[in-house]
Amino acid sequence: MRYSGFRIIKEALTGHRGWGPAWREPEPKAHYDIIVIGGGGHGLATAHYLASVYQQKSVAVLEKGWIGGGNVGRNTTIIRSNYLLDGNEPFYEFSLKLWEGLEQDLNYNAMVSQRGIINLIHSDAQRDAFTRRGNAMILNGADAELLDEAAVRREYPYLNFRDARFPIKGGLAQRRGGTVRHDAVAWGFARAADSRGVDIIQNCEVTGFRIQDGTCTGVETSRGFIGATKVGCAVAGSSGRLMAHADMRLPIESHVLQAFVSEGLKPILPGVITFGAGHFYVSQSDKGGLVFGGDIDGYNSYAQRGNLPVVEDVCEGGMAIMPMIGRARLLRMWGGIMDMSMDGSPIIDRTHIDGLYFNGGWCYGGFKATPASGYTFAHLLATDTPHHVATAYRFDRFRTGHMIDEKGVGNQPNLH
Amino acid sequence: MIIHHPLLGPRDASEFVYLGAATLLDRPDPQTATPDDWHAYAYLRDNPAGPHRELWFHEGGDRSWLVVTRDTTTHEITDVALARDVALERRK
Amino acid sequence: MHDLTAITALGGAEARVDRHGGVTLAENSDLALSSVAARLGQEETCAENLTRLLGAAPPAPGKALLSDPLSAVWMGPDQWMIGADYQAHETLAQTCKDVLKSSASVTEQSDAWVCFDLSGAGIQMVMELLCNIDHRRMEPGDATRTSIHHLGCFVVCGEPDAFVRILGPRASAGSLHHALLTAMHSAL
Amino acid sequence: MTQINRLQGGQINRDRPLKFMFDGKFYQGFEGDTLASALLANNVRLMGRSFKYHRPRGPLTAGSEEPNAIVELRGGARREPNTRATTAELYDGLVAHSQNRWPSLAFDAMAINDRFSNFLTAGFYYKTFMWPKAFWEKLYEPIIRRAAGLGALSGREDPDVYDKGFRHCDLLIIGAGPAGLMAALTAGRAGADVILADEDFRMGGRLNAETFEISGQSGADWAASAVAELSSLPNVRLMPRTTIIGAFDHGIYGAVERISDHLHMPDADKPRQILWRITTRQTILCAGATERPIAFDNNDRPGVMLASALRTYANRFAATPAKRIAIFTNNDDGHRTARDLQACGVQIAAVVDTRPDAALSTDYQVLRGAQVIDTKGRLGLTFAEVKLADGSERTLECGALGVSGGWNPNVHLTCHQRGRPAWQDDIAAFVPGGILPMGMRVAGAATGALSTHQALVTGKEAARKALGLKGRAPKVADAEDMPVNMTPFWYVKGTTRGWLDQQNDVTVKDVKLSHQEGFRSVEHLKRYTTLGMATDQGKTSNMGGLAIMAELAGKSIPETGTTIFRPPYTPVPIGTFGGRMRGTEFHPTRLTPSHNWAKEQGAVFVEVGNWLRAQWFPRPGETHWRQSVDREVRQTRASVGVCDCTTLGKIDVQGTDAARFLNFVYANGMAKLPVGKTRYGLMLREDGIVMDDGTAARLEEDHFVVTTTTANAGKVYQHMEFVRQCLMPDADVQLISTTEAWAQYAVAGPNSRKLLEKIVDADHDISNDAFPFMACANITVCGGLRARLFRISFSGELAFEIAVPSRYGDSLMRKLMQQGEEFGVTPYGTEALGVMRIEKGHAAGNELNGTTTALNLGLGRMVSTAKDTIGAALSRRPGLNEADALKLVGLKPLDPETKITAGGHLMRADGPVDAAHDQGYVTSAAFSPAMNSMIGLALLKQGDERLGETLRLVSPLTDLTISVEVVSAHFVDPKGERLRA
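Residue numbers (the numbering used here), protein chains in the order written: chain A, 5 to 420; chain B, 10 to 101; chain C, 17 to 204; chain D, 92 to 1072.
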């Protein structure tokens, strides 16, 4: 069923009886050409592009709980492509372009809102680094703009220009960056994939892989064995747990990232602001809540909850850079499990087991990558060759020394 | 969180800095190590959902490195030892 | 005698004193400090030598030895901070070396720290706004290193709710002083 | 206006009348009132508008679970949006405004949404606003955003301050109702170290709101005497106005104490609120229970309230929303409200009881087996439509309707560590279950035991268990022990616009649609309909939605599940979490020993990490920073300059294995460094990337002093401790930082030796022969002061670094300036320092960016292959040693006037300009007085083989394209003759 304004009016006048389920609740079949494990943003996007772009007819998504219940439903909704390194920037710019056409592609309003993002600059060295990055963005076909202090002040007069410990000296802006209604991304991809025949199977937990002489032939699940020609894993924070079933150790640690939302407020923040001398970034949702976050707690965790020191650290950053939010109340805090990789960049690659493919290591940058991650993973699953914007995301880059380390902090995941 | 320091008793975790898995104590022997050994040491992790032996540095305290055994699903801490003692133990 | 003049950690010629609500915050610029770390395998000799130097056994973990002329605070495993009156012991480190010889590594620390003495009833209410230690349970001679407004400090209890000594990083003396004074005005 | 709805009695202080203003109108209340109770007493029921449909709303509750009566409190920079009128303590001069309405609360133009509610169902916005594409940002979204949101921020800096604090106790008791008070008395009398916290400004919980007695005393009086006894115990700390917001790991609780919210403004130097981090061994949760409403058409009109709230307003605040009130209940508790109100002189229109077998009353009419099916009244309730057991309908005239759907235990904190609550059938509610947070017990109504007697008993028992008290327990005072007689009743069949989440306007119809469209898990329901996402966090709405979803799915409520409870229990100002760490106090400031002196010179300072360093020293007549910096560079290279480099990290390394240790930590050899010599040291991370560089000076056989860059001091010290304790546990090495112990100054320039000879005591020969390049020594200066001297050079000139105890640093700087006058000595700041190191081709922060290898920096040969060092093995990976690896080079613009931009990218002179053809990037750039031209350092593919090549430097970001020549990075004195002079 197509969604549209006219449809809403029609339904409104007929008691909304016509709305059907956004997706079916099918029973798992005995065998699929491709099984995607993980009903989060990346898994559902992968299924959508497998069905729509790569014409795959036999695809299933297996989700241990409810779709969209993982990080796609617990993030700070920011999209951007302001990356520095060759291995990353083309991929994220591809993703941003997919965002720009996503709603029409999905016939689902995910509220993609290009309200702009500004990374604040507080030192000359930071300006040099952001200049290099901004140039890399432009040279890769993205947009970037260097702002001086006055320009930042014009757009955000209530930032702390008065007595900041680390004065604002400018910012690197990406106008095409912005925010998206995160839950709607999962639902939109799910509905679109389902409409093309993808089986989305919820409450179906993968408990093992069936591997016969080096080839993966299917998965054991809480709902029985399901055969597959190819199996793609896109389970973010659960990557370590899942791949252990295939006796794989990954260059990944799972960490908790907390995020926060304030009570609903009348519009005051037009875009996304990132503090350059502390852990704080913030935007305002269409409902009016200030959505903000900072840094991971810093220790391995699967608990989906964090602790006070980081809450305080993030709010200290907020008060330091934007002291007008002091009387806004923090309404909810939650934690997501981040698959922090060893160089801060993701992996989209085949494994050493035939028929088994992996997508993970998104750290806390996974949401903005959702469409491109799905698209390129679908490409890999369908063609067995890496998509040209994702060629660097190999497993063996740590062995060969081709790390993609945006932050330059080395093989310590909690620093990325 | 609260970490029970072997010498100082219960201390708030915010006094500590986290490094990672305690396997970082097992640096390969440069005489015999293969590139695979170095790759595994520096880059591969068990990342278990459950008990995890990990390194914490008491930066805001006595500057001891500790090996903490903590459940990554409940955050419950079941054992804490001075990393130096653990490292010496392994040499035996 | 050299012709350079010293300034205090807060940058004054004289140590600063502030009073509020019955509590006194005094910068103590007359403290000589020296760290002593036992050499590997020399732990016992070092402890013996320190006992001679201090006139008592060196303090256990989490403890301080409040004695004259030399005092001591436990810093880490087999490591202590020795303190004394600066005027009388400007070369405290040398004194320690002479006694400890090859049994320990000695490092002058006098000017690595700023020292603040908080005294008067009510300091517990001040301290609970500053750091995460249970001041109500601190006894004379309890010493712990903790963080005050992101600054790693030693907190030594002289007398419960009457006297506490705080050692903080010298370069941040101003920030630490501001934090202590603000807490005094807030709590009292 | 007079308080026409003010009743007799109550716990308000009639001797303290308070004047306040709501929406520009003055009213009077009393000390002990909340804003809501005072407004009700003044016959004001309309206090707000709902989020989506802008429906008129009055208070539903009398507590922190309030969804409707939220206002903008105070004004100016202190404006507090979304403040619950039901918990806002009244103070003299209080000013509040209604919010989310235009032009006025009584007439809100946006109420038009209500007319179109049929189109604005759950999730409608996901289905439209997609065409044309560009219209979303330009048209639809701005309209939606303007309509959304509730209150408005002032947009001005919060003028109040906030504190953070830390408390410790044996037993934390959360909630000071009958259970909490009993637990506190039991533990307090036993001498335990107890903290009793309650969110209310008056301890006692429901005891203040009920009329029943405890051993002959009124509940309120019993509570007051209990509080009196507790405050007399030195081992008990009472924390009223304190909300426990979250249960965190290992017995740590977040608590927010409202110090000044009940005052016109905070007293001088006093905080508005304090965030306490309470660490406790044991906890007893006595959070009580929250009554839940029943959904029926138009159950959201001002005047429709929870029955228990009506009781609270009447008994505690002596206020009532109306003089004639009806009750709608599915349990006996509803009748208690009727009795209490009647006793206060309020007329009871009728008690509508859904239970056919409900007990009748002689005092008021009971309509058994009946249901309220609709209400009337534009801005406030006037009539309730009742469907009687026989199917006939009847209209009740009433100004308020008390609704009682049963009680939900407040299990929130038991679930903050993701424990799941358990279902209890007899009260049809979730009770604490699963694994509770470490050391937590639950007592009172929070357990599902809803009588006062049970509260006292469980409170006492929980305390005894927590403290392991033995022996016979004292008997608790006698109190009511009424059983809970309730028959679950969630919503009136056939209702569509029966509200569940009143603030977010989620109705029964929305839950049905959610189910119809396949959003059936609790998480989907919540996210699709926004049920429970409002500022009240669904305290009164989640259960209803859950029950309806369960019914639709044909499952039981526990099967359907429960949403996860997350902190904070009630919303917390962001400023409270920020505490004092804002403005200039956000991070501590580190000052160098010469700071005061530099300030006197009018130096311009710059943040370097937490340090403040002199950036340059303007002289009279200099109008541009470049003039100052160029002068400082020229003067230093021509004669002598002094720079405070105390900020460089200094680590004292001692022990018989110190040399072996450093030989392992540094990539280059340190073992054979002779005593009295200094050596440049390159430190790698284990992954083979450069971590830091610095110098190591060997003062004695077993004593080194190493320096680190300013930025990496902490990181390197930590890394060295890791190596010492974890990788070399059997080595005899001791480490300690001496960064701040020594004031260290670089004295650079051809006349630096001459200047120092006037400072260094005569018995120390610092001639070139006696004290050559890279020498170091312990010396004395100025007549006997212990000092350290290093002959090292960052500037490329003949240079020394001299260190004295920090307290003498200020004095030494003044001395150097005074003694240097004859040479025209100049102080120089970080800019000149940077210029000279770029002229010299020294890598610094911009080059050591965490991705560069020794090879990249032209230091490949320093990585010893003869020994095992940190990072050596992994630095040999092919990816880090490719033929076209980046190499550090110098750049000169063909036209010396043009500017070089750090961060610019390098392209072939003739090739295309895009990422695919990127040749490298400019790391640092400066104007070089020595070259009289802009110069730069760059990392360039195969750079070492491309000297003399002309490249294009492009910086589209700053709109710059110039031609540059690749040159050696050593612009000045490439042979290094000066520094050896």
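Every residue gets a Cβ at the ideal spot worked out from N, C-alpha and C, and that includes glycine.
Consult DSSP for residue i and reduce its assignment to one of helix, strand or coil.
| i | result |
| --- | --- |
| Q706(D) | strand |
| F279(A) | coil |
| Q438(D) | strand |
| S56(A) | helix |
| I665(D) | helix |
| T233(A) | strand |
| I518(D) | coil |
| H20(A) | coil |
| K849(D) | coil |
| C319(A) | helix |
| M1022(D) | coil |
| C367(A) | strand |
| D133(C) | strand |
| W191(A) | helix |
| I305(D) | strand |
Using the beta-carbon of each residue, which ones in chain D are nearer than 7 Å to residue i?
| i | result |
| --- | --- |
| E124(C) | A832 |
Measure the C-alpha to C-alpha separation of residue i and residue j and round it to an integer number of angstroms.
| i | j | result |
| --- | --- | --- |
| E171(D) | R331(A) | 6 Å |
| T675(D) | K768(D) | 42 Å |
| C147(C) | K229(D) | 50 Å |
| A378(D) | E107(A) | 45 Å |
| I870(D) | I883(D) | 16 Å |
| A58(B) | G345(D) | 27 Å |
| A417(D) | W27(A) | 45 Å |
| Y50(B) | T32(B) | 7 Å |
| V95(B) | P77(C) | 20 Å |
| V838(D) | G175(A) | 37 Å |
Do residue i and residue j have their C-beta atoms closer together than 8 Å?
| i | j | result |
| --- | --- | --- |
| G550(D) | A270(D) | yes |
| I41(A) | V223(A) | yes |
| T654(D) | G740(D) | no |
| P75(C) | V52(C) | no |
| G236(A) | Y361(A) | yes |
Under 8 Å Cβ-Cβ, which residues of chain D neighbour residue i?
| i | result |
| --- | --- |
| W74(B) | E812, F813, Q816, C817 |
Can you pull the chain B neighbours of residue i, defined as C-beta to C-beta under 7 Å?
| i | result |
| --- | --- |
| S127(A) | Within 7 Å Cβ-Cβ: nothing; S127(A) doesn't reach chain B, min ~24 Å. |
Please list, in chain order, the chain D residues whose beta carbon lies closer than 9 Å to that of residue i.
| i | result |
| --- | --- |
| H84(B) | D340, H341, Q508 |
What does residue i touch in chain C if you count any residue whose Cβ is under 7 Å from its own?
| i | result |
| --- | --- |
| L28(B) | By Cβ distance, chain C contributes nothing, its closest Cβ being about 18 Å from L28(B), past 7 Å. |
Just the chain B side, please: which residues come within less than 8 Å of residue i by C-beta, in chain order?
| i | result |
| --- | --- |
| Y306(A) | A58, T81, T82 |
What does residue i reach in chain B if we use C-beta pairs closer than 9 Å?
| i | result |
| --- | --- |
| S45(C) | In chain order: nothing, as chain B lies at least about 25 Å away. |
So within the segment 223 to 292 of chain D, which uninterrupted beta strand (DSSP E) runs reach at least 3 residues, ignoring any that extend past its ends? 253 to 265, 285 to 288
Which parts of the segment 883 to 950 of chain D are runs of the beta strand (DSSP E), unbroken and 3 residues or longer, counting only runs that do not cross its ends? 890 to 896
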